[in-house]
Amino acid sequence: MDQFKSKVAPADGKLAVLLPGMGAVATTFIAGVEAVKAGLGKPIGSLTQMAHVRLGKRSEKRWAMIKDLVPLASLDDLVFGGWDPIPDDAYTAATKAKVLSPEHLKELEPALSRIKPMPAVFDKNVVKRLEGSNVKKGTKRELASQLIQDIRGFMDKNKCSRAVMVWCASTEAYQEPGPEHQSIAAFEKALDADHPNIYPSQLYAYAAIMSGVPYLNGAPNMSCDFPALVELAEKRGVAIAGKDFKTGQTLMKTIIAPGLKARMLGMEGWFSTNILGNRDGEVLDDPANFKTKEVSKLSVLEQILEPDRYPELYSNLQHKVSIHYYKPRGDNKEGWDNIDIVGWMGYPMQIKVNFLCRDSILAAPIVLDLALFGDLAARAGMKGIQEWLSFYFKSPQHAASVYPEHDLFVQKVRLENNLRYLVGEELINYLGSDYTNE
Ligand SMILES: NC(=O)c1ccc[n+]([C@@H]2O[C@H](COP(=O)([O-])OP(=O)(O)OC[C@H]3O[C@@H](n4cnc5c(N)ncnc54)[C@H](O)[C@@H]3O)[C@@H](O)[C@H]2O)c1
Numbered sequence: 057m058d059q060f061k062s063k064v065a066p067a068d069g070k071l072a073v074l075l076p077g078m079g080a081v082a083t084t085f086i087a088g089v090e091a092v093k094a095g096l097g098k099p100i101g102s103l104t105q106m107a108h109v110r111l112g113k114r115s116e117k118r119w120a121m122i123k124d125l126v127p128l129a130s131l132d133d134l135v136f137g138g139w140d141p142i143p144d145d146a147y148t149a150a151t152k153a154k155v156l157s158p159e160h161l162k163e164l165e166p167a168l169s170r171i172k173p174m175p176a177v178f179d180k181n182v183v184k185r186l187e188g189s190n191v192k193k194g195t196k197r198e199l200a201s202q203l204i205q206d207i208r209g210f211m212d213k214n215k216c217s218r219a220v221m222v223w224c225a226s227t228e229a230y231q232e233p234g235p236e237h238q239s240i241a242a243f244e245k246a247l248d249a250d251h252p253n254i255y256p257s258q259l260y261a262y263a264a265i266m267s268g269v270p271y272l273n274g275a276p277n278m279s280c281d282f283p284a285l286v287e288l289a290e291k292r293g294v295a296i297a298g299k300d301f302k303t304g305q306t307l308m309k310t311i312i313a314p315g316l317k318a319r320m321l322g323m324e325g326w327f328s329t330n331i332l333g334n335r336d337g338e339v340l341d342d343p344a345n346f347k348t349k350e351v352s353k354l355s356v357l358e359q360i361l362e363p364d365r366y367p368e369l370y371s372n373l374q375h376k377v378s379i380h381y382y383k384p385r386g387d388n389k390e391g392w393d394n395i396d397i398v399g400w401m402g403y404p405m406q407i408k409v410n411f412l413c414r415d416s417i418l419a420a421p422i423v424l425d426l427a428l429f430g431d432l433a434a435r436a437g438m439k440g441i442q443e444w445l446s447f448y449f450k451s452p453q454h455a456a457s458v459y460p461e462h463d464l465f466v467q468k469v470r471l472e473n474n475l476r477y478l479v480g481e482e483l484i485n486y487l488g489s490d491y492t493n494e
């Protein structure tokens, strides 16, 4: 096993974790890592910190923790930085986000208040509900160069040997790829022409890829999900993945729907609604920004249920999703799902799910895992779209030749097999014939 392990470069030195957007999710993530380091909390929800993977045949009874199986950066080696148009340091931003209690935050204040956002590349036309003073100036080409300098400057200042970027900033207005997104040459020409279709998240992704830094996209923004940046990532040997952290309602959907489909139960409707009152909810209250999120959330059921293959079961399915900004709830989102299912002889049944979740508490461990796995991919020489990280995304970025995989359990098998593969362990196919034929 060790001979294969050596194929992945070791996680020596410090890892810069660069976060465009230092709001609720980013600060809950940073605070959580600091709390774990100080023995004040547990990294619940993080596979890299808590999960075991089975190795070899079932009869071998061999398991390893993911963090022992593959060489991952240790939490002590992470150095946090980021950008935000709002100049609050991470302690102030976390206090305003009201995800963690004031008592909890007070204990973490020294570590959090040191982290101050760099001036952001921000465009109010793309996120209308936000105002910010901590913003860079320049043409798109100049802004991209400034981000590249920020990355280098941050790594030098903090003596980091590697970096990874996880987008934790707001959801941008909906956008379809245009001609300027189709090739590296067209994209760079659009940069030089200061083209309005190049949105800020694309500049961060471009800067990361040009700097050899893996880019993981936690919002549904197009960001790096278009031919030009996919081509650039492959050409420069950089890992990318997205889109949109799979946390509350969509996580439930990708747990429940594969189960119902596996038992060949039909479905006529899935009605999902949410109320939330954080800044993310405020941004999504703008129809252009909600459209980006809606497209991301709607794609899930279609792929899991395959209505074309099973028209008797799923062709009449009505899938509706709405999000309502309701201030009193803050980050504590409430989601309702009504699922109209159909059983034997066409008899209807209903399932109701009422999920009282905490958005950023669910998202924070995903940010950690993506940062550590993104860095692992870089050290393993993996480039382009990292589909094995689909497990973490609502709308997984995928190669043009295949459909995205949404089923959480298929995604988990893929992720674990990828880890086994990296260290030369046998891939598990669950055939089990070696036990039954003994
Ligand atoms: N929490 C979840 O469960 C969850 C799930 C999936 C996706 N997301 C996405 O994660 C992102 C962050 O969510 P949040 O709850 O932390 O939101 P938030 O509003 O608290 O934080 C986002 C931050 O990004 C900043 N920002 C906006 N545009 C920026 C830019 N161009 N550059 C740098 N910073 C910028 C904002 O000022 C804000 O501080 C959102 O896009 C959200 O849709 C969250």
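Under this note's numbering, the first residue of the sequence shown is numbered 57, with each subsequent residue one higher. Just so you know, even glycine gets a beta-carbon here, dropped at the ideal spot from N, CA and C. This one's a predicted model, so the numbers in the text were calculated from it and none came from an experiment.
Counting the other CB atoms within 10 Å of its CB gives ARG170 a total below 16, which places it among the exposed residues. Listed in chain order, the non-local C-beta contacts of GLU324 below 8 Å within the same chain comprise ASN372, LEU373, GLN374, ASP396, ILE397, VAL398 and PRO404, local neighbours out to five positions each way being set aside. Taken in chain order, the complete alpha helix (DSSP H) segments of 4 or more residues contained in the segment 75 to 112 are 80 to 93 and 103 to 106. A direct Cα-Cα distance of roughly 40 Å separates LYS184 from LEU316. Here DSSP, grouped into helix, strand and coil, assigns PRO276 to coil. In this structure, ASP415 lies away from LYS349, with their beta-carbon atoms at least 9 Å apart. The Cβ-Cβ distance between ILE240 and GLU287 falls below 9 Å.
Taking the Cβ of THR104 as the reference point, every heavy atom of ligand 1 lies at 8 Å or farther away.
Between the beta-carbon of ILE142 and that of ASN181 there is about 18 Å, and that puts the pair past the 8 Å contact cut. At least one heavy atom of ligand 1 is found less than 8 Å from the C-beta of PHE301. Remark: the shortest separation between the CB of SER378 and any heavy atom of ligand 1 does not fall under 8 Å. By the criterion of at least three beta-carbon pairs nearer than 8 Å, the segment 147 to 167 is not in contact with the segment 439 to 455. Per DSSP, CYS413 has no beta-bridge partner at all.
A distance below 6 Å between beta-carbons, with the five flanking residues on each side excluded, links ILE422 to the following residues of its chain, in chain order: PHE301 and TYR448. Per DSSP, LEU288 is not a residue of any beta strand (DSSP E); the alpha helix (DSSP H) it occupies stretches across 283 to 292. Annotation for MET278 indicates a beta carbon at 8 Å or more from all heavy atoms of ligand 1. Listed in chain order, the non-local C-beta contacts of ARG118 below 6 Å within the same chain comprise LEU111 and GLY112, local neighbours out to five positions each way being set aside.
Residue state for LYS376 is assigned as strand, using DSSP reduced to three classes. Annotation for ILE312: the continuous alpha helix (DSSP H) segment containing it runs 305 to 318.
Within the chosen limit of 8 Å, ligand 1 reaches the beta carbon of CYS224 through at least one heavy atom.
Taking the C-beta atoms as reference points, VAL64 is found no nearer than 9 Å to ALA297. Nearest in C-alpha terms to TYR370, of all of SER378, HIS380 and LEU357, is LEU357. The beta carbon of THR104 lies closer than 8 Å to those of ILE122, LYS123, LEU128, LEU424, ASP425, LEU428 and PHE429 in the same chain, with the five residues before and after it left out.
Straight across, the Cα-Cα distance linking ARG197 with MET221 is about 20 Å. Judged by DSSP secondary structure, ASN394 falls within the beta strand (DSSP E) whose first and last residues are 390 to 398. Listed in chain order, the non-local C-beta contacts of HIS237 below 7 Å within the same chain comprise PHE243, PHE282, PRO283 and ALA284, local neighbours out to five positions each way being set aside.
ASN334 has its CB nearer than 8 Å to a heavy atom of ligand 1.
In this structure LEU259 touches LEU203 by the C-beta definition: roughly 6 Å separates them, less than 8 Å. At a threshold of 8 Å, ILE142 counts as near ligand 1, since its beta carbon sits closer than that to one of the ligand's heavy atoms. Under the three-state reduction of DSSP output, ASN345 falls in the helix class. Straight-line spacing of the CA atoms in ARG470 and PRO367 works out to 28 Å.
If you check the C-beta of PHE178 against ligand 1, you find a heavy atom less than 8 Å away. Shortest gap from the CB of ASP145 to any heavy atom of ligand 1: 8 Å or more.
A residue is called buried once 16 or more other Cβ atoms fall within 10 Å of its Cβ, and SER257 is buried on that count.
Taking C-alpha positions only, ASP133 is separated from LEU74 by approximately 13 Å. Residue nearest to PRO252 within the set ALA264, GLY268, PRO233 and ILE265 is PRO233 (criterion: CA-CA distance).
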